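Please read the structure below before turning to the comments.
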Amino acid sequence: ENMDIGSLPACVALEEVLLEYKHYAKQKQSLRDYFNLTLPKLVMLSIRQPGSLANTPTNADQISIDTLHGRQKVDVETYLNIIRATKADINVALCDEVPFHASKNRHSKSVKRTLSWLSAIVEKGEAAEANEGIFGVVLGGNHMKLRKICAEGVASFKGIQGVVIGGLGVGETDSERRDVLENVLPLIPPEMCRLMKMAISPLGILQAISKGIDVVQSDYAESITRLGYASVYLIPEVPGSEPNGNTVNGE
Numbered sequence: 420e421n422m423d424i425g426s427l428p429a430c431v432a433l434e435e436v437l438l439e440y441k442h443y444a445k446q447k448q449s450l451r452d453y454f455n456l457t458l459p460k461l462v463m464l465s466i467r468q469p470g471s472l473a474n475t476p477t478n479a480d481q482i483s484i485d486t487l488h489g490r491q492k493v494d495v496e497t498y499l500n501i502i503r504a505t506k507a508d509i510n511v512a513l514c515d516e517v518p519f520h521a522s523k524n525r526h527s528k529s530v531k532r533t534l535s536w537l538s539a540i541v542e543k544g545e546a547a548e549a550n551e552g553i554f555g556v557v558l559g560g561n562h563m564k565l566r567k568i569c570a571e572g573v574a575s576f577k578g579i580q581g582v583v584i585g586g587l588g589v590g591e592t593d594s595e596r597r598d599v600l601e602n603v604l605p606l607i608p609p610e611m612c613r614l615m616k617m618a619i620s621p622l623g624i625l626q627a628i629s630k631g632i633d634v635v636q637s638d639y640a641e642s643i644t645r646l647g648y649a650s651v652y653l654i655p656e657v658p659g660s661e662p663n664g665n666t667v668n669g670e
């Protein structure tokens, strides 16, 4: 069957809308309207592009984003305004993401800031009716105690719809990524959608799903397209299965 390209999910990075969101609001348009990202297309607002980790400063009140017009500061109030102007389905909460193998002290600071910002987003978002589709972010690098503190803190908020397993795709190994998923996912309530950043291969996507991930953010398809390659797979037929069945051979 032909695939409807218009129905494929779209990921919008904060740097792409940071300078334009006020224009959408003035024109009484959302980003969805402006770019014709109409339903049933799923639109996600992400802090940064998949696999990227900017070396921009952060503090207890805000993060910094590099744009085509220079470095811009984003605090909770600014981010809520962007959420209202964008009208995405999934809005990844403001977070202080750092390299996977950063020091424990830096990861501890990252977790505290991320939970503090999420608390402010939930509180101010409820007052401004901008809480729809908020996904809290679980950070902590390879420090499972910090990951647990962050996961339990994020899961305790009643005003969010999902959880992002963040701080991935920034220097960890496959086994370290699996350890994070195995330790964090059991702490997330089953009714919450679980999103992972990020998988770097189709096998990584399948492994994430097998661990309990619902949505995967990845730049794999874009990366191989830019290089001029196609990703093609031969799925062996399982003896005794129907020609169009769903059973595949392998893990």
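Heads up: the sequence shown runs through residues 420 to 670, numbered per the working numbering. All residues carry an ideal CB built from backbone N, CA and C; glycine is no exception. What you are looking at is a predicted structure, and each value in this text was computed from that prediction instead of being measured.
Taking C-beta atoms as the reference points, Pro621 and Ser642 fail to come closer than 8 Å. In the structure shown, Lys460 adopts coil according to DSSP, grouped into three states. With respect to the 8 Å criterion, Ser449 and Lys528 are not classified as neighbours on the basis of their beta carbons.
If you draw a straight line from the Cα of Val493 to the Cα of Pro655, it comes to about 49 Å. Judged by DSSP secondary structure, Met563 falls within the alpha helix (DSSP H) whose first and last residues are Met563 to Ala574. In this structure, the alpha-carbon of Asn561 lies about 19 Å from that of Gly631.
For Ser538, DSSP records no beta bridge to any residue.
Under the 10 Å beta carbon count, Gly489 is surrounded by fewer than 16 other beta carbons and is classified as exposed. Our two residues, Gly581 and Met617, have alpha carbons roughly 16 Å apart in a direct line.
The residues Met615, Ala618, Ile624 and Ala627, in chain order, have a CB closer than 6 Å to that of Val635 in the same chain once the five nearest residues on each side in sequence are set aside.
Counting C-beta pairs with one atom in each stretch, the region 432-443 and the region 582-599 have fewer than three that are closer than 8 Å, which means they do not touch. For Lys616, the pairing in a beta bridge is given by DSSP as Gln636. Between Leu558 and Val530, the C-beta spacing is below 8 Å. Of all alpha-carbon atoms in Thr477, Ser594 and Thr457, the one lying nearest the alpha-carbon of Asp515 is that of Thr477. Distances from the alpha-carbon of Asn524 to those of Lys564, Ser483, Gly552 and Val541 put Lys564 closest. Going by beta carbons, Gly572 and Leu534 fall inside the 8 Å limit.
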